[in-house]
Each structure stands twice: as structure tokens, then as C-alpha cells.
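Everything below concerns the one structure shown next.
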Amino acid sequence: MPGLIVDTAARMMQAKASSLLLLNEDGETLRFEVTTGPKKQEVKKHEIKIGQGIAGFVAKTGEPLLVTDVTKDHRWYKSISDNIDFKTKSIACSPLKIDSDIIGVLQIIDRKDGQPFDNDDLNILNVFANVCSEAIHNARRVESASRRNLELTDQAAEKHKIIGKSREVKKAISDGLKVANTKASVLILGESGTGKELMAGMIHYQSDRKDFPLVVLNCGALTESLLEDELFGHEKGAFTGAATLKKGKFELADNGTLFLDEIGEMSLNMQTRLLRVLQEGIYYRLGGSVNISVDVRVISATNRDIEKEVKEKNFREDLYYRLNVVQIKIPPLRKRRTDILLLAFHFLGLFKKEQARPELEFSQKTLRILETHSWPGNIRELKNAIERAVIMSDGPLISPGDLPFAVGEKERISFHEQDLKQATLHFKKKLLIHTLESVQGNRTHAAKILKIQRTYLSRLISELEIKGV
Ligand SMILES: Nc1ncnc2c1ncn2[C@@H]1O[C@H](COP(=O)(O)OP(=O)(O)OP(=O)(O)O)[C@@H](O)[C@H]1O
Ligand SMILES: [Mg+2]
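Next up, the structure:
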């Protein structure tokens, strides 16, 4: 674009040569960005310092300048002109500015008919210089926005990096990468906190859908009608309170990926509706009559034993086959102990940086405890434990006391109570406290680990008078 502007300016003003010079990043030199005229290639090899010659002077002062006879002007820097063997007499030069910053200059050299340039020429050149500045400003804005965007996708990809060297995790990662660039449905299985969502993210960001959205929907957290509304959206006025049109997650994920988390919690009714959409590829918004067709890749996840759910008819077999084209199993941490320390060091690095505690390291005893802990909350529990330890530690060594679980205590069962009922209650209470602590009090996660309903967990918490977690 600036090339075209310079060319037009030179032609309109009958100039023998013209050039657009831009300020380099050092802020001290100008480079020839666009040149016209018989010596346009040669001149490009040169650079000008701010303040040097006519162009350098204009770049320094920010004021336009007309010189009718350069041989009589002390500012004239003739070495370039001599060097490229191009005789110069008159020059008109205008500054290029973005807001009030000088970014370069636009200059024209000698009129073809041999007449010197006059003030009218300089005024016209000023107009061209403004247009040029505007074009450069826009181009730079677009460039920096797209660079920022690239960095963002890079950062997102980095955040979804899965750490692990155990055979099981390597297999899961390689399976994930293999299917990333296909449209195959993927079902991710694993206990709470094992990294199912992370895996879904990896698949999305490694696929050619990565520049489109990854939309996440937690099917376990919503009632049936809310889930329906989230998935399919509604038309304006579809029901009382539907004041505006709402797009469903399916639409929002168009060309991208839809991650259906906790799919095992979906009611049979919703399973039927979902299956229909997956089979037909089209659906209606609630209260709508227009077919909506979308191109969506579906990844789903559950921590339930889904095959058992199918057998017990809690989960539709046909939907299971639809979702389970490729299955990725993520084993619990206790079954891949080689990953524990690797992850611990990874998280230590992360939180050391975040908390500005570069000196922190694990003590030998802490490492042994980390390695042998049973990690019921899996990687989420490990991550939270390290975060807490980094905050609590007086440094430079992280000691066992900095870890969130009271070491050794959980294994010690009290035999003081001879009464089985009392002892059981005591044990229940300890287990609940331990589990809740391992997930930082998140009852939904704790209920999942204990494989009980969240409401039952809440009842136990109040019955057993558990406080402070
Ligand atoms: N292999 C891994 N490498 C690095 N970080 C991990 C790994 N696995 C899990 N994490 C981290 O652990 C936390 C829990 O992971 P994630 O949310 O993916 O688990 P999940 O299986 O979806 O859990 P839930 O079933 O409770 O929803 C996240 O902060 C995630 O970044
Ligand atoms: Mg999850």
C-alpha cells in the first residue's frame, strides 16, 4: 500500500525519483522502504542517520521542508547522491507521523521538466504523507493484532501440555495426537482430577480446528432444561424470560470442538436428543423452526464406569458407540507412580515462578512422602498440594509439614474405641476430612472420589460435624 502511494505521488508531481524512508527500531537511523526512479535499487543499500541530510533533518524536526537548490543548503548530504551517481537539485520532504510520533519521511527529488519544486508541491506532498502514515498505522495495527493472536494460541497450547513419562500416559498422548486431526468422536475416561479436560484441550489445540472455539459444557452440573438450553439455545420469546436469542453451545462451537464433560451424568431424555443431533448434524433452537447445521467435533469425558452404565441401561448403547469412536483412558496417579515426581517438579517450577520463590526445593523426606501418598484426588490434588507447600514453606527446603495432609495420621486407626459403630464413625469422619482436604474443600470433587452423591456427602458432613473444610 505505501508503495502505491509513493508511486502515485511521484507520478502526479512529475518527480524524477521519490522515496519513503522509515525509522528503524533503534530510533536513530532511517531505511529506504520504498523507492522510485532510475537508481531505486542502489539507493536502498544506504541508511541515513537522524539529523543527517534533508530527509534526516525532517525526521528530526518533524516539519516539512522544501529545498530548491541543494548545492546551496548546508544540510545537504551529498554522499549518497554521489555514490549512486544521481544528480540532485531540488527536494521536497514531508514527515510521516502516527499521532505525534515521527515514523519516517516521504521525499521527492527533482521535477522531470527541470523546474524546482514549489510550496504548492510541498502541500500536495504533505497530503500524500498523511495518507501514507495512516496506511502504515493500520498495517501495523493489523500485524500486531495477529501477532498477539498467534502468541495467545501458543500460550493456550502451552497450558494444555500434558506432563508424564509413564507408558500409560505416553500411550494416551500419542492416541490423542493420532486422532487430533480427524473428526472422530473421542471419549476420555479417567478418575476425577486425572487430566481429562487437559487431554480434550490438547486434542483441540493440536487439530486444525485450533483457531476456532473449544467450547466446554459440564453436563453434570445442570438440570435437564438448563442443559437443553445450553446445548441448543433458544429463539427470542421461546419461553417466558427468553428476552433475547441465545445461541447454543453447538452453534458456538461451529468449526471447532465441543467438549461434553461428565457425559455419564446426562439424563436418558437428553441422551436421546443429543444422539439425534449427532446422527443428523442439524437441530432447532428451542422455539425455532430454522434448521441449524453445524460442523462440530465432539469430545466427551466421564469418570463413571460407562460400560457398566450401558449394561445397566442408564446410558444409551447407541449414543455410547457414537461417542466412543476413539477411547482414551487416563489412569489414576497411584497406578503410574513414575509420573508423581515429574509432575511434582513441574508444578514446583510453575508455582516458584508464580510466587517469586526461586530458592525453594523439596527436602528428601518430602519427596518420599509425595512418592508414596495415595493421591485420591489425582493430579489436581498434587497440583494443589504443591501450590500450598510453596506458599506455606519458610524455605529454602519444602518440608513434610508444608504439605496439606497430616503425614502418617491417616493410616493410624484408633483402637481406643471398642465399639464398632463408634470406630466406623471415627474412620468415616477422618476419610471425609482427608478427601475434602485433598480437593481443597470442593464437595463435588470429593463426592466423585468417594463415589457418593454430593447431597449425601453434605448430609454426612453435617451429621459427623465436620467443620473448617
Ligand atoms: N499430565 C498432566 N500434566 C500437567 N498438568 C496436569 C496433568 N493432568 C492434569 N493436570 C492438571 O491437573 C488439574 C486437573 O486436571 P483436569 O481438570 O483436566 O482433570 P479432570 O480429569 O477433567 O478432572 P474432573 O473429573 O474432576 O473434572 C488441572 O489443573 C490440570 O491442568
Ligand atoms: Mg474435568
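Just so we're on the same page, the working numbering is the position in the sequence shown counted from 1, plus 35. Cβ coordinates follow ideal geometry from the N, Cα and C atoms, glycine included. Predicted, not measured: the structure shown is a model, and the values here were computed from it.
Going by DSSP in three states, Phe-397 sits in which element: helix, strand or coil? strand
Please report the straight-line C-alpha distance between Ile-433 and Glu-498, rounded to a whole angstrom. 36 Å
Since Gly-225 sits in a beta bridge, which residues does DSSP pair it with? Ile-365
Identify, in the order they occur along the chain, each residue of the same chain with its Cβ nearer than 6 Å to the Cβ of Ala-164, setting aside the five sequence neighbours on each side. Ser-129, Leu-131 and Leu-141
Nearest to Glu-169 by CA position, among Glu-203, Glu-226 and Asp-134, is which residue? Asp-134
Measuring only the C-alpha atoms, how far is Arg-447 from Asp-437? Because Arg-447 sits at a pLDDT of 44, beneath the cut-off of 50, its placement in the model cannot be relied upon, and the point is left open.
Can you give me the C-alpha to C-alpha distance between Glu-500 and Leu-233, rounded to a whole angstrom? 35 Å
Would you mind reading off the limits of the alpha helix (DSSP H) that contains Gln-142? Here Gln-142 belongs to no alpha helix (DSSP H); instead the beta strand (DSSP E) covers 136-146.
Flag His-81 as yes when its Cβ comes closer than 7 Å to any non-hydrogen atom of ligand 1, and as no otherwise. no
Sorry if obvious, but does the Cβ on Lys-418 come closer than 7 Å to a heavy atom of ligand 3? Ligand 3 is absent from the structure shown, which contains only ligand 1 and ligand 2.
Can you grab the Cα-Cα spacing for the pair Leu-14 / Leu-383, in whole Å? Residue coverage of the chain in this structure runs from 36 to 504, which leaves residue 14 outside it and unanswerable.
Tell me whether the stretch 228-247 and the stretch 326-342 touch, counting them as touching only if at least three CB pairs, one residue from each stretch, are closer than 8 Å. yes
Within a Cβ cutoff of 8 Å, which residues of the same chain sit near Ser-449, ignoring the five residues on either side of it in sequence? Confidence is the limiting factor: at Ser-449 the pLDDT is only 45, short of 50, which leaves the residue's position unreliable, though a coordinate-based value still follows. Within the same chain, Ser-449 has close Cβ partners Ala-458 and His-461.
Using a threshold of 7 Å, is the CB atom of Arg-423 nearer than that to any non-hydrogen atom of ligand 1? no
Do Asn-349 and ligand 1 come close, with the Cβ less than 7 Å from some heavy atom? no
First and last residue of the uninterrupted alpha helix (DSSP H) at Arg-423: 413-427
Rounded to whole angstroms, how far is the Cβ of Pro-151 from the Cβ of Ser-125, which I believe are closer than 8 Å? 4 Å
Using only the alpha-carbon positions, how far apart do Gly-91 and Trp-111 sit? 10 Å
By the DSSP assignment, the alpha helix (DSSP H) with Glu-232 in it spans what residues? 231-240
Taking the beta carbon of Arg-494 as the centre, do at least 16 other beta carbons fall within 10 Å, making it buried, or is it exposed? exposed
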